[in-house]
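Using full-length UniProt numbering, you'd call the opening residue of the sequence shown number 1 and step up by one each time.
Virtual Cβ for every residue (Gly too), placed ideally from N, Cα, C.
Please read these numbers as outputs of a predicted model, since none were measured by experiment.
Take a look at the structure set out below.
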Amino acid sequence: MKNLSRLALVAIASTGLALALTSCGGSGQSSGKATAGSTDSSALVSTATAAPQASGSFGSVVTLPSGVAFTLDKQAIFTPTKFSSGQIDGQRFNSFEITVKNAAATPLDLGTLILTTTTAADAGCVDIFDGQVGLQGAPSNPVAAGGTTTFKWAVSCPGKTGDPLDVNLTTDGTTSVDVKGKLI
């Protein structure tokens with residue numbers, strides 16, 4: 001009798017669980033929300049569609065109409081330390097300095113800065129962070145009108161030496177510059 005009562009309890013619990021889980025299903029149409037196993041890429045990534053306002057190459061000053069200027073230079077091969085995060089084994093690790101000169105009339109919040117880095121065939125790169133060697137992302141303090149700041153950045157990219165390295169810097173969600181170079 002005791003086993004029968006346990007069996008009945010397990011059957012009731014299993015039925016309740018099955019009913020609860022089946023009510024989680026959808027209509028098969030995309031909701032625009034990312035879920036585990038989702039193949040709706042538009043829910044996961046949003047790409048800028050506007051053309052960049054300025055473009056240039058590594059080592060050159062690239063200036064937006066607002067007066068904000070970016071210079072990417074001092075590109076080097078980066079060797080990750082034991083404290084690095086973001087690097088992918090088998091990829092090229094490149095670092096560079098980003099100098100931002102704000103000739104605009106208002107402070108520039110680099111907290112909104114987004115770097116999108118790609119190589120040949122639009123293969124995406126991954127940012128590398130390592131506080132031990134100064135790779136901490138963009139500065140958290142705004143760049144004052146008339147001010148300048150410089151910080152280091154590193155990326156882990158698929159490809160080989162000499163492949164194109166394209167960096168898009170977006171400052172406020174819409175304003176962007178493109179900087180082109182080569183993987184080293």
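Counting along the chain, the unbroken beta strand (DSSP E) around Leu-165 starts and ends at 164-170. In this structure Lys-101 is buried. Its beta-carbon is surrounded by 16 or more other beta-carbon atoms within 10 angstroms. Apart from sequence neighbours up to five positions away, the residues of its chain that approach Gln-132 with a beta-carbon distance below 6 Å are Thr-81 and Phe-83, ordered along the chain. For a cut-off of 8 Å, the C-beta gap from Ser-57 to Val-179 is around 7 Å, short enough to register as a contact. Judged by beta-carbon spacing, Thr-112 lies within the 7 Å limit of Asp-172, meaning their Cβ atoms are closer than that value. Contact between Leu-165 and Lys-152 is absent: CB atoms are separated by about 16 Å, not below the 8 Å threshold. Taking C-beta atoms as the reference points, Thr-149 and Pro-139 count as a pair closer than 7 Å.
Its Cα nearest to that of Asn-168, the residue Leu-115 stands out among Gly-146, Leu-115 and Asp-122. Residue environment analysis places Val-61 among the exposed positions, since fewer than 16 neighbouring C-beta atoms fall within 10 angstroms of its C-beta. In this structure, the alpha-carbon of Ala-50 lies about 27 Å from that of Ser-95.
Note on geometry: alpha-carbon atoms of Gly-162 and Gly-134 lie some 26 Å from one another.
Leaving aside the five residues that flank Val-155 on each side, the residues in its chain whose CB is nearer than 7 Å to its CB run, in chain order, Asn-94, Thr-117, Cys-125, Val-126, Asp-127 and Ile-128. With fewer than 16 other beta carbons inside 10 angstroms of its own, Thr-174 counts as exposed.
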